Amino acid sequence: MYPDWLMFYRTDQSVTLLPKLYAAGGVPEVMLHLRSLGLINTDVLTATGQTLDENPLLVGRF
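When we follow our numbering, the leftmost residue of the sequence shown carries the number 127, and every step to the right adds one.
Right, here's the structure in full:
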């Protein structure tokens, strides 16, 4: 019918994922898992001027 309008009726999959991600601990939890697997560089500076290892969200959670 109107293919251009069909995209407005589709639900983005991230809408269903976000509540589950929040309940699981959010982005800090994902970062902890990436760090435990060695897939994230923790020596980089964040917006706070600290490294990821010095960041209060990740300190003491490992």
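The beta-carbon is built from N, C-alpha and C at its ideal position, and this holds for glycine as well. Quantities reported herein were computed from a predicted structural model and do not represent experimental measurements.
(request) State the CB to CB distance for the pair residue 172 and residue 178, rounded to an integer number of angstroms; the pair is presumed to be in contact (CB under 8 Å). (result) 6 Å
(message) According to DSSP, residue 171 sits in a beta bridge with which residue or residues?
(response) 177
(message) According to DSSP, simplified to helix, strand and coil, what is residue 165?
(response) coil
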